[in-house]
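For the protein sequence lines, the chains are A and B, in the order given. Under the numbering used here, the residues of the first sequence are numbered 99 to 357, in order. Under the numbering used here, the residues of the second sequence are numbered 99 to 357, in order. The beta-carbon is built from N, C-alpha and C at its ideal position, and this holds for glycine as well. Because the structure is a prediction, the values reported are computed rather than measured.
Number of protein chains: 2
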Amino acid sequence: MRPGTGQIIMEQPSLEAAFKAVRNGISRHKTVILAGNCRVDYEGRASSKLDPGERIALIKPDGSVLIHRPRDYPPVNWQPPGSLFKTSLRVDGLHVRAFRKKEREVLDVTFSEISLLAVLDLKDTGEFYLYASEKDMQEAILVEPSLLEEGFKPFTSERPVEPGFIDIIGVDRDNVLTIVEIKRKPATRDAVLQLQKYMDAYASDSSRRVRGILVAPELARGAQKLLASLRLEFKPLTPQRCAEVLKRKREKSLTDFFK
Amino acid sequence: MRPGTGQIIMEQPSLEAAFKAVRNGISRHKTVILAGNCRVDYEGRASSKLDPGERIALIKPDGSVLIHRPRDYPPVNWQPPGSLFKTSLRVDGLHVRAFRKKEREVLDVTFSEISLLAVLDLKDTGEFYLYASEKDMQEAILVEPSLLEEGFKPFTSERPVEPGFIDIIGVDRDNVLTIVEIKRKPATRDAVLQLQKYMDAYASDSSRRVRGILVAPELARGAQKLLASLRLEFKPLTPQRCAEVLKRKREKSLTDFFK
DNA sequence: TAATAAATGTCGTTT
DNA sequence: AAACGACGTTTATTA
Numbered sequence: 099m100r101p102g103t104g105q106i107i108m109e110q111p112s113l114e115a116a117f118k119a120v121r122n123g124i125s126r127h128k129t130v131i132l133a134g135n136c137r138v139d140y141e142g143r144a145s146s147k148l149d150p151g152e153r154i155a156l157i158k159p160d161g162s163v164l165i166h167r168p169r170d171y172p173p174v175n176w177q178p179p180g181s182l183f184k185t186s187l188r189v190d191g192l193h194v195r196a197f198r199k200k201e202r203e204v205l206d207v208t209f210s211e212i213s214l215l216a217v218l219d220l221k222d223t224g225e226f227y228l229y230a231s232e233k234d235m236q237e238a239i240l241v242e243p244s245l246l247e248e249g250f251k252p253f254t255s256e257r258p259v260e261p262g263f264i265d266i267i268g269v270d271r272d273n274v275l276t277i278v279e280i281k282r283k284p285a286t287r288d289a290v291l292q293l294q295k296y297m298d299a300y301a302s303d304s305s306r307r308v309r310g311i312l313v314a315p316e317l318a319r320g321a322q323k324l325l326a327s328l329r330l331e332f333k334p335l336t337p338q339r340c341a342e343v344l345k346r347k348r349e350k351s352l353t354d355f356f357k
Numbered sequence: 099m100r101p102g103t104g105q106i107i108m109e110q111p112s113l114e115a116a117f118k119a120v121r122n123g124i125s126r127h128k129t130v131i132l133a134g135n136c137r138v139d140y141e142g143r144a145s146s147k148l149d150p151g152e153r154i155a156l157i158k159p160d161g162s163v164l165i166h167r168p169r170d171y172p173p174v175n176w177q178p179p180g181s182l183f184k185t186s187l188r189v190d191g192l193h194v195r196a197f198r199k200k201e202r203e204v205l206d207v208t209f210s211e212i213s214l215l216a217v218l219d220l221k222d223t224g225e226f227y228l229y230a231s232e233k234d235m236q237e238a239i240l241v242e243p244s245l246l247e248e249g250f251k252p253f254t255s256e257r258p259v260e261p262g263f264i265d266i267i268g269v270d271r272d273n274v275l276t277i278v279e280i281k282r283k284p285a286t287r288d289a290v291l292q293l294q295k296y297m298d299a300y301a302s303d304s305s306r307r308v309r310g311i312l313v314a315p316e317l318a319r320g321a322q323k324l325l326a327s328l329r330l331e332f333k334p335l336t337p338q339r340c341a342e343v344l345k346r347k348r349e350k351s352l353t354d355f356f357k
């Protein structure tokens with residue numbers, strides 16, 4: 099262990115040395131990384147057996163465990179936060195049991211060989227911001243149509259999100275049919291053409307006037323000219339703004355519920 | 099790098115050294131672990147920003163990426179298999195971009211400080227066996243009622259899985275009403291009492307004889323006596339066996355489909 | 001390629 | 001505690 103870092107990193111440690119470091123690391127709520135040959139057994143809602151092979155085990159201070167093979171996005175085995183641990187040294191290797199009493203789930207990992215052991219003291223207080231997806235922008239406009247423009251009335255069925263290809267369809271304050279295409283990134287010429295395609299579909303079987311509005315945080319360079327020539331409109335709106343509106347609406351509905 | 103192991107492990111490497119090792123490791127399809135202070139930006143179906151903090155980045159040979167904070171089960175940011183990489187050394191640190199062109203998703207990780215770097219060559223060919231859950235055992239008996247006993251006929255609606263509290267209900271070869279309670283683990287006294295509860299519910303509004311069968315891989319010690327005194331029955335059956343039956347059935351139905 | 005269903009889904013909120 | 005819905009769901013299966 100290097101002084102000042104508070105972390106332990108061992109390459110090809112003996113099982114005995116690894117055992118001590120892992121047990122110590124877990125009890126002190128450090129983040130433990132183990133890489134090497136292991137077998138894994140899970141018993142709970144289902145049960146599983148993973149024959150020996152080289153994987154990475156990640157043990158977090160909050161009691162979550164992840165066993166990762168050198169492929170695939172999801173862990174092959176895992177245990178959610180709140181797990182308890184028992185570490186032991188056995189004849190077949192270093193054994194770590196992660197279990198949740200309440201859920202009656204047990205995860206057993208047995209390392210017969212360890213190529214890397216790291217006990218890290220990770221400090222992570224950084225904020226995580228998740229901005230809304232296009233779907234959320236759609237929902238925001240449906241619950242607060244003035245985000246598009248005053249007087250807009252979307253056609254809504256029971257469900258807040260309409261199926262189909264057109265993001266939103268409705269009528270404006272003058273009862274003019276209005277088709278809305280939403281992009282969460284600067285709208286390109288492609289986005290304009292996409293909207294035009296929907297416009298064509300409606301214009302073909304209707305002689306009524308139809309408005310087409312492209313909603314996006316901004317309009318990309320080449321798109322502006324095309325938009326104007328096709329007599330389409332642009333409404334600037336950011337996913338962030340939509341996220342705020344949705345959040346406020348949810349808080350409001352909660353307030354209404356309690357009053 | 100230790101000869102014979104084919105792996106690189108560096109503690110507190112310089113960003114320059116880390117850059118070379120990471121770029122090399124990714125291009126050679128090794129498993130790369132990075133731990134240290136980083137910021138993460140994601141842009142795709144949604145967008146996210148993760149302010150600086152200490153995390154673990156896992157880059158797999160199949161092109162999947164996982165960014166793990168020292169808490170929580172799911173990764174805070176990720177990229178599924180098939181991602182492409184661009185690694186670069188910038189003024190603000192070691193930058194790794196994982197992107198998927200088709201899905202138009204980009205993940206950017208920038209390490210300003212690295213406490214651990216590991217480039218591993220994990221060999222993992224071990225088989226993974228997932229045995230059935232209780233629900234799967236239920237389905238196995240419904241598609242192959244002889245698993246319970248010859249002549250058993252479960253009441254089945256359109257769907258193979260019946261809703262409700264009783265696992266399976268049906269009639270035996272003599273047309274006697276039969277209630278089945280399934281446990282995927284050794285059945286305890288509680289399981290016996292649970293079955294008895296369902297029996298009582300049926301006995302109360304019916305004078306017909308009713309059989310109660312407890313299905314489980316084995317009968318726990320204390321349960322055997324209770325079972326006998328309540329005149330209930332036990333049928334040994336393992337989740338593994340059910341999984342095999344289901345697999346065979348699926349293969350058969352596939353064969354029938356093609357002939 | 002698109003639609004559907006399952007997952008040891010997980011994780012939150014609401015009842 | 002149970003139920004319901006969302007998720008950058010992911011994943012496999014099927015039309």
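TODO: Check whether the Cβ of Glu316 (chain B) lies closer than 9 Å to any Cβ atom in chain A.
DONE: no
Within-9 Å CB hit, Asp160 (chain B) to chain A: yes
Q. With C-beta atoms as the reference, is Val174 (chain A) less than 9 Å away from Arg153 (chain A)?
A. Note that the C-beta distance between Val174 (chain A) and Arg153 (chain A) is below 9 Å.
What are the partner residues of Glu331 (chain B), as DSSP defines its beta bridges?
B:Ile311
Please list, in chain order, the chain A residues whose beta carbon lies closer than 7 Å to that of Lys380 (chain B).
Residue coverage of chain B in this structure runs from 99 to 357, which leaves residue 380 (chain B) outside it and unanswerable.
| said: Once DSSP output is grouped into helix, strand and coil, what is the label at Arg167 (chain A)? | reply: coil
> Tell me which same chain residues have a C-beta within less than 8 Å of the C-beta of Asp234 (chain A), skipping the five on either side of it?
Replying inline: Pro337, Cys340, Ala341 and Leu344
Exercise. Exposed or buried, what is Gly249 (chain B) when buried is set at 16 or more other beta-carbons lying within 10 Å of its beta-carbon?
Worked result: exposed
- Could you run through the region 163-175 of chain A and flag, in chain order, every residue whose CB is less than 8 Å away from some CB of chain B? Leu164, His166, Arg167, Pro168, Arg169, Asp170, Tyr171 and Val174
Cβ-Cβ distance between Leu218 (chain A) and Gln322 (chain A) below 9 Å
no
CA-to-CA distance, Gln292 (chain B) to Lys283 (chain B), given in whole angstroms
Roughly 15 Å between the two C-alpha positions.
Query raised in the report: For Phe253 (chain A), is the classification buried or exposed, using 16 other Cβ atoms within 10 angstroms of its Cβ as the cut-off for buried?
Result: exposed
* Between Leu291 (chain B) and chain A, is there a C-beta pair that is closer than 9 Å? -> no
Quiz item: Any idea if His166 (chain B) is buried or exposed, counting beta-carbon neighbours within 10 angstroms, 16 or more meaning buried?
Solution: buried
Is the separation between the beta-carbon of Ala289 (chain A) and that of Ala314 (chain A) shorter than 9 Å? For the 9 Å CB-CB criterion, Ala289 (chain A) and Ala314 (chain A) form a contact.
- Enumerate in chain order the residues of its own chain whose CB-to-CB distance from Glu260 (chain B) is below 6 Å, with the five nearest sequence positions on each side excluded. Low per-residue confidence applies at Glu260 (chain B): pLDDT is 40, beneath 50, and the placement is therefore not dependable, though the value from the model is reported in the following sentence. Closer than 6 Å at the Cβ level, and outside the excluded window around Glu260 (chain B), lies no residue.
*In whole angstroms, what separates the C-alpha of Asp170 (chain B) from that of Ser162 (chain A)?*
7 Å
Proximal residues to Glu242 (chain A) (C-beta, below 6 Å), its chain only, five neighbours per side dropped:
Val343
**Prompt:** Can you tell me whether Ser145 (chain A) is buried or exposed, with buried defined as 16 or more other CB within 10 angstroms of its CB?
**Reply:** buried
Which chain A residues sit within Cβ distance under 9 Å of Lys221 (chain B)?
Asn135, Gly151, Glu152 and Pro168
Segments assigned beta strand (DSSP E), at least 3 residues, entirely inside the region 107-161 of chain B
129-141 and 145-157
I'd like the list of long-range same chain contacts for Leu328 (chain B), defined as Cβ closer than 6 Å, with 5 residues on each side in sequence excluded. Gln294
Practice prompt. Taking Val207 (chain A) as part of the beta strand (DSSP E), name the residues at either end of that continuous run.
Written response: Here the beta strand (DSSP E) through Val207 (chain A) covers Glu203 to Leu218.
> Do you know offhand how far Lys184 (chain B)'s Cα is from Arg126 (chain A)'s?
Replying inline: 37 Å
ask   = Going by the CB atoms, is the gap between Glu331 (chain A) and Arg309 (chain A) shorter than 9 Å?
value = Taking 9 Å as the Cβ cut-off, Arg309 (chain A) and Glu331 (chain A) qualify as a contacting pair.
| said: Quick check: what's the CA-CA separation for Leu132 (chain A) versus Ile212 (chain B)? | reply: 18 Å
### Message
Could you compute how far the alpha carbon of Leu245 (chain A) sits from the alpha carbon of Glu316 (chain A)?
### Response
Cα to Cα, the separation comes out at about 15 Å.
- Examine chain A for any beta-carbon lying closer than 9 Å to the beta-carbon of Ser125 (chain B), and answer yes or no. no
(request) Please report how far the alpha carbon of Tyr140 (chain A) lies from the alpha carbon of Asp265 (chain A), in whole angstroms. (result) Rounded to whole angstroms, Tyr140 (chain A) to Asp265 (chain A) spans 44 Å at the Cα level.
Look up Gly249 (chain A) in the DSSP assignment and say whether it is helix, strand or coil. Under the three-state reduction of DSSP output, Gly249 (chain A) falls in the coil class, being neither helix nor strand.
* Asked: How would you call Tyr296 (chain A), buried or exposed, if buried means at least 16 neighbouring beta carbons within 10 angstroms?
  -> buried
- Message: If contacts are defined as beta-carbon pairs under 8 Å, then Gly151 (chain B) and Thr223 (chain A) qualify, I think. What distance do you get, rounded to the angstrom?
- Response: Rounded, the Cβ-Cβ distance is 6 Å, consistent with contact.
| message | So with CB distances below 9 Å, who are the chain B contacts of Gln294 (chain A)? | response | Neighbours of Gln294 (chain A) on chain B: none; closest Cβ ~21 Å, over 9 Å.
- request: For Arg282 (chain B), name the three-state secondary structure that DSSP assigns.
  value: coil
Check your understanding: chain A beta carbons: is any one of them nearer than 9 Å to that of Lys118 (chain B)?
Key -> Contact with chain A is absent for Lys118 (chain B), since none of that chain's Cβ atoms lies less than 9 Å from the residue's Cβ.
(request) Might you give, ordered along the chain, the residues of its own chain that have their beta carbon closer than 8 Å to the beta carbon of Pro258 (chain A), omitting 5 neighbours on each side? (result) A caution first: Pro258 (chain A) carries a pLDDT of 39, below 50, which makes its placement in the model unreliable, though a value can still be read off. By the criterion of a C-beta distance shorter than 8 Å, Pro258 (chain A) is surrounded in its chain by Glu237, Leu240 and Val241, once the five residues flanking it on both sides are discounted.
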